[in-house]
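For reference, the structure is listed below as structure tokens.
In our numbering, the protein residues as written are 112 to 222.
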């Protein structure tokens, strides 16, 4: 399920479900692939909840992970480069060792 018309604000970003884009506080739009948008939407809609790779694959593509499936890791890495002030030390998209990933910011709905 896509966020639809929902606009979700976090940190210095707004994720616009209608336009399927990420907009920075300066109004600049960041281009996201469909997979990146779905992953970010899944995480942002569940802030501060640890989601496993399997859960994220199911939420974003409706499939389950195969052994050594790293597609989610690759998407998280790409999202970090677009979102984080310092991708090497992420503050928003955090890795939970042995658990998966967590979106570690407060999220609010905006009109």
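Backbone N, C-alpha and C fix where the C-beta goes; we use that ideal spot for every residue, glycine too.
What you are looking at is a predicted structure, and each value in this text was computed from that prediction instead of being measured.
Residue i and residue j look like a contact to me (Cβ under 8 Å); what is the Cβ gap, rounded to whole Å?
{"i": "residue 150", "j": "residue 140", "result": "That pair is no contact at about 18 Å."}
{"i": "residue 135", "j": "residue 167", "result": "Not really, about 24 Å apart at Cβ, beyond 8 Å."}
Taking the C-alpha atoms as reference points, what is the distance between residue i and residue j?
{"i": "residue 131", "j": "residue 209", "result": "31 Å"}
{"i": "residue 170", "j": "residue 177", "result": "15 Å"}
{"i": "residue 121", "j": "residue 204", "result": "12 Å"}
{"i": "residue 222", "j": "residue 117", "result": "8 Å"}
{"i": "residue 138", "j": "residue 159", "result": "26 Å"}
{"i": "residue 196", "j": "residue 216", "result": "14 Å"}
{"i": "residue 182", "j": "residue 172", "result": "11 Å"}
{"i": "residue 199", "j": "residue 128", "result": "27 Å"}
{"i": "residue 202", "j": "residue 184", "result": "16 Å"}
{"i": "residue 174", "j": "residue 123", "result": "31 Å"}
Is it the case that the Cβ atoms of residue i and residue j are separated by a distance below 8 Å?
{"i": "residue 220", "j": "residue 154", "result": "no"}
{"i": "residue 157", "j": "residue 214", "result": "yes"}
{"i": "residue 194", "j": "residue 152", "result": "no"}
{"i": "residue 207", "j": "residue 161", "result": "yes"}
query = Does the region 185 to 197 come close enough to the region 141 to 151 to have 3 or more Cβ pairs within less than 8 Å?
reply = Verdict: yes, contact present.
query = What are the complete alpha helix (DSSP H) segments, minimum 4 residues, inside the region 134 to 212?
reply = 145 to 155, 164 to 172, 182 to 194, all fully within the region 134 to 212.
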